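Taking it in order: structure first as structure tokens, then the write-up.
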Amino acid sequence: MKDKNIDYHYLDIYHGQTFTATDEKNIVDFNIPLDPDRQDQPDSKVIFIHRCRNLQKTFAYLGPCLAFISVLILPSLLIIGLFVIHLLLFTIFRRLAILHRPKSYGTVLDLRTHRSISRAVVRLFDAKYNKLLASQVSSGNGRYNFLVGPNVYYLTSSKKSYELYQSPTLDYTQTEDTVVDKDVVMRRKGRDKKMEG
Numbered sequence: 047m048k049d050k051n052i053d054y055h056y057l058d059i060y061h062g063q064t065f066t067a068t069d070e071k072n073i074v075d076f077n078i079p080l081d082p083d084r085q086d087q088p089d090s091k092v093i094f095i096h097r098c099r100n101l102q103k104t105f106a107y108l109g110p111c112l113a114f115i116s117v118l119i120l121p122s123l124l125i126i127g128l129f130v131i132h133l134l135l136f137t138i139f140r141r142l143a144i145l146h147r148p149k150s151y152g153t154v155l156d157l158r159t160h161r162s163i164s165r166a167v168v169r170l171f172d173a174k175y176n177k178l179l180a181s182q183v184s185s186g187n188g189r190y191n192f193l194v195g196p197n198v199y200y201l202t203s204s205k206k207s208y209e210l211y212q213s214p215t216l217d218y219t220q221t222e223d224t225v226v227d228k229d230v231v232m233r234r235k236g237r238d239k240k241m242e243g
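Quick note on the working numbering: the sequence shown kicks off at 47 and runs consecutively.
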């Protein structure tokens, strides 16, 4: 972005040049480009982080259940009050923490069987700068999606015993916020090549 002055919606990109504030009431409102702090991690680490988040969700849902059991065991006014507060806080934090996923999705599929592939690591890259923007693990039925702004992207998908998949570029420059939901078809290592030959 070194010599660029515009980045889609952002005008007057600041690149470290000197500026002078002539009045105390001046507002400095430069758009400073920053690279996302995302590094390409091995699949095993991405899956481990995904499993840890699922474990956190399990513990979060376990809290109200245990609080309800404590109300059944010792039904006092204090315990019931704490249970109600627990439910209230749980509802508020759940509403704030859980992202509402778009309804459309892409599916990671096996080339030969056309069955969905679960726990494949799907990554979204900015095609212009080849920067990793996000990673996801496909669900039990192979689903994934990314919410994106106007830009040009590409996807990769990887899973043990499958060849690395890379999509053609996906041009979303003419759209507002949208969902990347392209189906990804992966080829097993060795096996599918033999079938083609």
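Backbone N, C-alpha and C define an ideal beta-carbon position, used for all residues, glycine too. Please read these numbers as outputs of a predicted model, since none were measured by experiment.
| Check | Outcome |
| --- | --- |
| What is the C-beta distance between S203 and A166, in whole angstroms, given that I count them as a contact (C-beta under 8 Å)? | 5 Å |
| Apart from the five residues on each side of it in sequence, which residues of its chain come closer than 7 Å, Cβ to Cβ, to T224? | V194, Y218 |
| Please say whether Y211 and R233 have beta carbons closer to each other than 9 Å? | yes |
| Quick one: residues in its chain with C-beta nearer than 7 Å to the C-beta of T137, no 5 flanking neighbours on either side, listed in chain order? | none |
| Exposed or buried, which one is K205 when buried takes at least 16 other CB atoms within 10 Å? | buried |
| Assuming contact is defined by CB atoms lying nearer than 9 Å, are R169 and L178 in contact in what I supplied? | yes |
| L216: which of V226, P148, I95 sits nearest, CA to CA? | V226 |
| Where does G243 land, buried or exposed, given buried means 16+ other C-beta within 10 angstroms? | Note that G243 has pLDDT 42, beneath the 50 cutoff, so the model's placement of it is unreliable and no number is given. |
| DSSP three-state call for Q212: helix, strand or coil? | strand |
| Please determine, among A113, T153, P121, S122, the residue with the shortest C-alpha to C-alpha distance to L134. | A113 |
| Between which two residues does the beta strand (DSSP E) holding A113 run? | Element bounds for A113: not the beta strand (DSSP E) but the alpha helix (DSSP H), 89 to 119. |
| By the 10 Å Cβ neighbour count, where 16 or more other Cβ atoms means buried, how is G188 classified, buried or exposed? | buried |
| Just curious, the alpha helix (DSSP H) that A283 is in, first and last residue? | The displayed coordinates of the chain run from 47 to 243. Any statement about residue 283 would go beyond what the structure contains. |
| With a cut-off of 8 Å on the beta carbons, I'd call V231 and L157 a contact; round off their distance for me. | 5 Å |
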